[in-house]
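**Student:**
There are 2 protein chains.
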Amino acid sequence: MKNNLRILSLGGLGEVGRNMMLLEWKGEALVIDVGLSFPEENTPGVDYVIPNISYFKNNNTKVLGAVFTHGHYDHIGAVPYVMDKIGNPPMYGSPLTMGIIKKRQEEFPLQPKLRINEVNNGSKTNIGPFNIEFFHQNHNIPESLGLFIETPVGNVVHTSDFKFDPTPTNAPPTDFKKLKELGKRGVLLLMSDSTGAENEGRSLSEKTIKENLEIIFKESKGRRVIAATFASLINRLQDIMDLSESHGRKVVIEGYGMKTNLEIARNLKYIKTKKETIISAEKARNIPDGNLTILCTGAQGEETAALMRIANQKHRVFKLKKGDTVVFSSSTIPGNERSVQTMKDNIMRQGAKIIHSKMMDIHAKGHAYKEELKEMMDMMKPKFLMPIHGQYSMMMAHKELAIEQGMSEKNTVIADNGQSITLSEKSITLGKKDVPVGPVMVDGSGIGDVGGVVLYDRLELAESGIFVIVVVIDKKTRQMKNSPDIISRGFIYLRESQELLTEARKKVTQIVSQTAKMKSAKDIKADMKARMESFLFQKTKRRPIVLPVVIEV
Amino acid sequence: MKNNLRILSLGGLGEVGRNMMLLEWKGEALVIDVGLSFPEENTPGVDYVIPNISYFKNNNTKVLGAVFTHGHYDHIGAVPYVMDKIGNPPMYGSPLTMGIIKKRQEEFPLQPKLRINEVNNGSKTNIGPFNIEFFHQNHNIPESLGLFIETPVGNVVHTSDFKFDPTPTNAPPTDFKKLKELGKRGVLLLMSDSTGAENEGRSLSEKTIKENLEIIFKESKGRRVIAATFASLINRLQDIMDLSESHGRKVVIEGYGMKTNLEIARNLKYIKTKKETIISAEKARNIPDGNLTILCTGAQGEETAALMRIANQKHRVFKLKKGDTVVFSSSTIPGNERSVQTMKDNIMRQGAKIIHSKMMDIHAKGHAYKEELKEMMDMMKPKFLMPIHGQYSMMMAHKELAIEQGMSEKNTVIADNGQSITLSEKSITLGKKDVPVGPVMVDGSGIGDVGGVVLYDRLELAESGIFVIVVVIDKKTRQMKNSPDIISRGFIYLRESQELLTEARKKVTQIVSQTAKMKSAKDIKADMKARMESFLFQKTKRRPIVLPVVIEV
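If you're matching them up, the sequences are chains A and B in order. 22 is the number of the first residue of the first sequence in the numbering used here; add one for each residue after it. 22 is the number of the first residue of the second sequence in the numbering used here; add one for each residue after it.
Next up, the structure:
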């Protein structure tokens, strides 16, 4: 066991997001990415979910360094919450990736200074037992880097999020020669992006997308173009600004995340636009419709994002009008379909035209489809394959693809978060799922303090609200003083339910008079809770949380 | 105006669900369908949404009768909540539709007896100024009926939910001859289903689906087939039971809604299976895998539905095993994508194989696609078209299709719920949206009593929970008695937050000592609320609802 490499994911397997992996050799570890994921429906109030790092508390593993493949939040977003807890090791990533990390860190002034190192395509870094060479990959953010890692047991390739693109925007094309050269060095293990593994064929090139977007710009002569996309798709933002410039349009950027990303990217000269192209919303009032592009966030139907405010007539400057073309250069994240549909309907009701990616190829995910994944395997010729990044069904599809390509079932391992993999020159072995990886939720300034009980209560409260009963009992006489106080939220509209309220008070008074003489405050409370729950259910068929407070004075 | 027909939708336009429309002539109305819709994410605790019927309270309209096109809940589900409030008029529908309505009504014993009339394909009924002829339509529930309505201004055709199917399951094929004959009578207005109007081509025939399902049955020899679909797709249930019989399998039905629907359909002889085919889960323990089909609900990832319980190892009898084939003969309803994906992943993790409708044509929606909608227009040759049923984007696509077919823009009207349409022999006119159609929510036994305030509170409670502070003040001394009681739910895990709790108590005590001498209980409460909210936000960056109770004794 001592001469084996341990590979462990704390997030990112069987899920999209929260990527964090470590390669460990004799107690020393290299961390790859420290990302977050966005919460699901059943965790109300939670801002982010971050990787569970109890592994480091329970073991003496020393983190020697952390490498970051690219600047998307599912790969870097947990940095402010995690880095100091794993010993604030040196960090490596491209200038853009590090620029985004540094900008974010400004929001966490109490955190220790990060130990940042910038690397590029071709950079080589030694981190303890690991020699890492970074190589260029195409994705939808510039400066994405794959990792070629020499380990004591053999070479490991980590593709990061990637797709092959012979004609990308804002980045060099995929360097197939380099990839083949890496493959020729001998690859023991390929860890490869699975996000697109359920899609047949090849992903779209950014060039195709730009060409289609250009058609829209041509057809929208004299009218406004409102383009919504993800704030993180820096290359798409570049496309839309390029097209605006070549069609004589100024661009208004709306949405905080998009503005921030553009600022970082422009400072680092990844975004190339004329200074005068970008104008404020206020200045746009004087620009003719045909000379204006509004580039905004909100393609997911997020309540407070720019496009939603425009659609709901709540934007401080822009109102939709007949003739506007609203372009969704985006896909809908699973779970958001209903709010996106509602927003699109609202936009159409106001006479604007909608063009989305199911009507025309104006969005590409940044992930390799089946044919590209096959090519990656062909070039790397790995002994072992480990599908990474993606839902379990995506990793399974990736595995099946590898088997079709002639790999053996046992050389293709699907692991879950928290399940160690032992890698030697000759074998790859899946361990038990024994490392704690339960989601750590960030809510406000609390990290991990919102757990099962609190979330359960939140869901219960959301379902039927709360019913608080306050009763004061005279210690000596055991009689109720005053009339009971009843406060309720989220249960029923009390002002219109006076009858129920009166009956409830009567019931409370009755319970006190039946119990106060014999029972302690604690027992009265228990009785009150049970009987009032049943009373309220009988009256309303609802089950609010009943909270009795019994005070003896 | 007196010689015009008024058409008004109280639900079902610009949304999928809650269908309810009325045709009104000189104060007398015919109602078409009385359906419900299922609540959205931002209305926690709400069971159903039903049409708003304040129109009837505000007008003297008399409802002469209500016709029901088919037995799906989005067309009949609000019957128990609405019928008696619109005067309990006579109801007309097919035996199966009425069977489902009657069964449902048993859950509402306090409602007056429904006035039920059964009609069939070809039945003619006079309801005041309206002569209605019912005609056979294909959908995915048997006995769907379209409506040919002679009105004083001309003939109106209501397609109901439909698709054309030359080879359906469990129902006669579309009777094109009949449809053409109806068209020849002259159609002033066609009201036609828009749900499939964004889909190119033609919908799948049920025959194709059955053939594909048969392939799965053949390939699953010796192994269990677990088939999940909607409980309401009676024809699909028939397919799966047919295939099970022909492949020597017994069928276990799991899921309350599915069992109920099958019982009704079997009693009315719509489902034809051998008696011995259906067995209980308990009996299935002794049946070899290759002779067993589990037909269940839960294809939407609903928490408590049968498939979810099986996937989560919470089912009382069935556990997944390697080799099981799980068939999703369904589509995912927008909004459910994330929970369906999680469930599918869980199923795959346990070694079962999944086949879903994106991999193979094993599900068809019951709605006409573009080519079929064109054919319907061709056969009916209406003067006016009103797209009904569906999101706004679907109705718009339907309208665009009509214009492509040569109809004029002004003869094609898209209305919203609550927007009256005035129809005469010569013209169709859209009125203002002046009829109240805000959603009426059903929660437990309450209808419409969960409104803005209650829902707002529920969402707030879900976000950060509640923090209740109870303080008792001596009336005379204005000193606090006892220590303040603090109760919280959904905010923070109090047992692990003793420090915060101690500080909060101190703060409360301080506020009381600063205010009690000068201020009334009401003012102390207001102070306490503001200051404690700010205190808790500063400490946690969360905003629980703070509820202070100040009692003077």
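Built from N, CA and C at the ideal position, the CB exists for glycine as well. The model shown is predicted, which means the values in this text are computed figures rather than measured ones.
#1: Name the chain B residues that come within less than 7 Å of T195(A), Cβ to Cβ?
#2: My guess is that L1(B) and K391(B) are in contact by the Cβ rule of under 8 Å, so how many angstroms apart are they, rounded?
#3: Based on the DSSP output, what are the partners of Q426(A) in its beta bridges?
#4: List, in order along the chain, the chain B residues whose C-beta lies closer than 7 Å to that of K296(A)?
#5: Residues in its own chain within less than 6 Å of S215(A) by CB, not counting five upstream and five downstream?
#6: Please state the DSSP three-state secondary structure of I468(A).
#7: Could you list the residues in the stretch 397-429 of chain A with a C-beta less than 7 Å from some C-beta on chain B, going in chain order?
#8: Could you say which of L283(A), A332(A) and S30(A) lies nearest to K293(A) if we only look at CA atoms?
#9: Looking only at C-alpha atoms, which of P505(A), D464(A) and T523(A) sits nearest to F67(A)?
#10: Please list, in chain order, all residues of the same chain as M462(A) whose beta carbon is under 6 Å from its beta carbon, the five residues on each side excluded.
#11: Is there a Cβ from chain B that is less than 8 Å from the Cβ of D506(A)?
#12: Could you check what DSSP says for M212(A) in three-state terms: helix, strand or coil?
#13: Grab me the residues of K538(A)'s own chain with a C-beta within less than 6 Å of its C-beta, minus the 5 sequence neighbours each way, in chain order.
#14: Is the Cβ of P111(A) closer than 8 Å to any Cβ of chain B?
#15: Assign F197(B) to buried or exposed, taking buried as 16 or more other Cβ atoms, counted over all protein chains shown, within 10 Å of its Cβ.
#16: With a threshold of 8 Å on Cβ separation, who are the neighbours of I237(A) within its own chain once the five nearest residues in sequence on each side are excluded?
#17: In terms of residues, what are the limits of the beta strand (DSSP E) holding P408(B)?
#18: When you check each C-beta in the stretch 476-493 of chain B against every C-beta of chain A, which residues fall closer than 9 Å?
#19: When we look at the beta-carbon of P569(A) and count the other beta-carbons within 10 Å, is it buried (16 or more) or exposed?
#20: Would the beta-carbon of N432(A) fall within 8 Å of that of V458(A)?
#21: In chain B, which residues lie with their C-beta within 9 Å of the C-beta of N503(A)?
#22: Could you give the first and the last residue of the continuous alpha helix (DSSP H) run that contains Q334(B)?
#23: Can you name the residues of chain A whose CB is closer than 8 Å to the CB of V474(B)?
#24: Name the residue from S226(B), R206(B) and L209(B) whose alpha carbon lies nearest to the alpha carbon of T195(B).
#25: If you count every other CB in all the chains shown that lies within 10 Å of the CB of D575(A), and 16 or more means buried, which is it?
#26: What residues of chain A sit near G35(B), judged by a beta carbon separation below 9 Å?
#27: What are the residues in the stretch 540-569 of chain B lying within 9 Å of chain A by C-beta distance?
#28: Starting from E164(A), follow the alpha helix (DSSP H) in both directions and report where the run begins and ends.
#29: Measure how close the beta-carbons of V574(A) and V52(B) come, nearest whole angstrom, since I'm counting them as under 8 Å.
#30: Quick check: the Cα distance between F155(B) and S75(B), rounded to an integer number of angstroms?
#31: Which stretch, first to last residue, makes up the beta strand (DSSP E) that contains K228(A)?
#32: Enumerate, from N- to C-terminal direction, the unbroken alpha helix (DSSP H) stretches of 4 or more residues contained entirely within the stretch 352-422 of chain B.
#33: From this set, R526(A), K365(A) and L480(A), which residue's C-alpha is nearest G62(A)'s C-alpha?
#34: Taking 8 Å as the CB-CB limit, is R359(A) close to chain B?
#35: For S575(B), which beta-bridge partners are listed by DSSP?
#36: Could you name the residues of the same chain whose beta carbon sits closer than 7 Å to that of L451(A), not counting the 5 residues immediately before and after it, in chain order?
**Tutor:** Inspection of the coordinates gives the following:
#1: Numbered from 1 along the first sequence, position 174 holds the residue referred to as residue 195(A). The premise fails here: T195(A) is roughly 28 Å from chain B at the closest Cβ pair, so nothing lies under 7 Å.
#2: The question about residue 1(B) has no answer, for chain B in this structure spans 22 to 574.
#3: Taking the first residue of the first sequence as 1, we reach residue 426(A) at position 405. In the DSSP assignment, no residue is bridged to Q426(A).
#4: Translated into positions along the first sequence, residue 296(A) becomes position 275. Correct list: empty, because the minimum Cβ distance to chain B is about 37 Å.
#5: Residue 215(A) sits at position 194 when you count from the first residue of the first sequence. Non-local beta-carbon contacts of S215(A) in its own chain, meaning distances under 6 Å to residues more than five positions away in sequence, involve P408, H410, G411, M415, M416 and H419 in chain order.
#6: Taking the first sequence and counting its residues from 1, one reaches residue 468(A) at position 447. Strand.
#7: Q412, Y413, S414 and M417
#8: Here residue 293(A) corresponds to residue number 272 of the first sequence, with the count starting at 1. That would be L283(A), whose Cα lies nearest to the Cα of K293(A).
#9: Sequence index remark: in the first sequence, residue 67(A) carries index 46 (1-based). The sequence as given places Val at residue 67(A); Phe does not occur at that position. When each option's Cα is compared against that of V67(A), the closest is D464(A).
#10: The residue given as residue 462(A) occupies position 441 in the first sequence. Hits under 6 Å: V67, V70 and V471.
#11: For the purposes of this step, residue 506(A) is taken as residue 485 along the first sequence, with counting starting at 1. Yes, D506(A) lies at the interface with chain B (some Cβ there is under 8 Å from its Cβ).
#12: Within the first sequence, the letter at position 191 stands for residue 212(A). In this structure, M212(A) counts as strand in the three-state DSSP scheme.
#13: The sequence position of residue 538(A) within the first sequence is 517, counting from 1. Excluding positions up to five away in sequence, the list reads R499.
#14: For this step, residue 111(A) is matched to residue 90 along the first sequence. Closer than 8 Å: no.
#15: Here residue 197(B) is taken as the residue at index 176 of the second sequence, counted from 1. Looking at its Cβ environment, which holds fewer than 16 other Cβ atoms inside 10 Å, F197(B) is exposed.
#16: To locate residue 237(A), count along the first sequence from 1; it is residue 216. Cβ neighbours of I237(A) beyond the five flanking positions: V246, T346, V348, I376, M381 and I383.
#17: The residue labelled residue 408(B) in the question sits at position 387 within the second sequence. Per DSSP, the continuous beta strand (DSSP E) segment holding P408(B) begins and ends at F405 to I409.
#18: The residues in question are L476, Y477, D478, R479, L480, E481, L482, A483, E484, S485, G486, I487, V489, V491 and V493.
#19: Within the first sequence, numbered from 1, the residue matching residue 569(A) stands at position 548. When all chains shown are included, P569(A) counts as buried.
#20: Position 411 of the first sequence, counted from the start, is the residue given in the question as residue 432(A). Position 437 of the first sequence, counted from the start, is the residue given in the question as residue 458(A). No, these two residues do not count as a Cβ contact at 8 Å.
#21: Reading the first sequence from its first residue, position 482 is the one you call residue 503(A). Per Cβ cutoff of 9 Å: I572, E573 and V574.
#22: In the second sequence, the residue the question calls residue 334(B) occupies position 313. Premise fails: Q334(B) is in no alpha helix (DSSP H) and is neither H nor E.
#23: In the second sequence, counting from the first residue as 1, residue 474(B) sits at position 453. Ordered by position in chain A, the residues that pass the 8 Å Cβ test against V474(B) are Y514.
#24: Locating residue 195(B) in the second sequence gives position 174, where the first residue counts as 1. Comparing Cα positions, the closest option is S226(B).
#25: Nothing in the structure corresponds to residue 575(A), since chain A is present only between 22 and 574.
#26: Translated into the one-based positions of the second sequence, residue 35(B) becomes position 14. Residues of chain A passing the Cβ test: D366 and R370.
#27: F558, K560, T561, K562, R563, R564, I566 and L568
#28: Position 143 of the first sequence, counted from the start, is the residue given in the question as residue 164(A). E164(A) -> no alpha helix (DSSP H), and no H or E assigned at all.
#29: Taking the first residue of the first sequence as position 1, residue 574(A) is located at position 553. Taking the first residue of the second sequence as position 1, residue 52(B) is located at position 31. The Cβ separation is near 60 Å, so there is no contact.
#30: As a working mapping, residue 155(B) is identified with position 134 in the second sequence. As a working mapping, residue 75(B) is identified with position 54 in the second sequence. If you take the alpha carbons of F155(B) and S75(B), they lie about 29 Å apart.
#31: Indexing the first sequence from 1 puts residue 228(A) at position 207. Residue range E227 to E240 is occupied by the alpha helix (DSSP H) that includes K228(A), with no beta strand (DSSP E) assigned at that position.
#32: 358-370 and 391-401
#33: As a working mapping, residue 62(A) is identified with position 41 in the first sequence. It should be noted that the sequence gives Glu, not Gly, for residue 62(A). Out of R526(A), K365(A) and L480(A), L480(A) has the C-alpha closest to the C-alpha of E62(A).
#34: Here residue 359(A) refers to the residue found at position 338 of the first sequence. Output row for R359(A): interface = yes.
#35: This structure gives no information on residue 575(B), because the portion of chain B shown stretches from 22 to 574.
#36: By 1-based counting over the first sequence, the position of residue 451(A) is 430. Same-chain partners within the cutoff: V434, A436, Q440 and I442.
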